[in-house]
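K.L.:
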Amino acid sequence: MAWAAPVRSAAEPTPPNTALTHAETAYRAAVRAAAEHAAHRAAAELLAAEAQRTRQRVRALRRHWIPRLRGELAAVELGLEEAEHEEAVRRRWAASHGTR
Numbered sequence: 032m033a034w035a036a037p038v039r040s041a042a043e044p045t046p047p048n049t050a051l052t053h054a055e056t057a058y059r060a061a062v063r064a065a066a067e068h069a070a071h072r073a074a075a076e077l078l079a080a081e082a083q084r085t086r087q088r089v090r091a092l093r094r095h096w097i098p099r100l101r102g103e104l105a106a107v108e109l110g111l112e113e114a115e116h117e118e119a120v121r122r123r124w125a126a127s128h129g130t131r
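Each residue of the sequence shown is one higher than the one before, counting from 32 in this note's numbering.
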């Protein structure tokens, strides 16, 4: 974030006493602090909202996707084991019947 204090134009009169000069300086500092605070607060709210969305995604992964994918993986692994077993049986059968 970039902010520059306004520059007094040549046509704009300077404050007539030092109290107003100090008040003007304090007012500019307060406006700048308020703008920075607003920017930081907006950023914090965006981060909090993103953190909430991330927590929801993680919860969905843990409750739904991971168990479902583990189940699918187990089914695929079982299918592979069965296919390997069937292949081993076929090889043994072929080896025992091919030697005759």
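The beta-carbon is built from N, C-alpha and C at its ideal position, and this holds for glycine as well.
I think E55 touches P46, with their Cβ atoms under 8 Å apart; what is that distance to the nearest whole Å?
P.N.:
So it is a contact: roughly 6 Å between Cβ atoms.
K.L.:
Following the continuous alpha helix (DSSP H) through R134, name the residue where it begins and the one where it ends.
P.N.:
In the structure as shown, the chain starts at 32 and stops at 131, and residue 134 therefore has no counterpart that could be examined.
K.L.:
Going by DSSP in three states, A41 sits in which element: helix, strand or coil?
P.N.:
Note: A41 maps to coil in three-state DSSP.
K.L.:
Which of helix, strand or coil does DSSP assign to A35?
P.N.:
Three-state DSSP puts A35 in coil, outside helix and strand.
K.L.:
Can you tell me the Cα-Cα spacing of L100 and Q87, whole angstroms?
P.N.:
Between L100 and Q87, the C-alpha separation is close to 18 Å.
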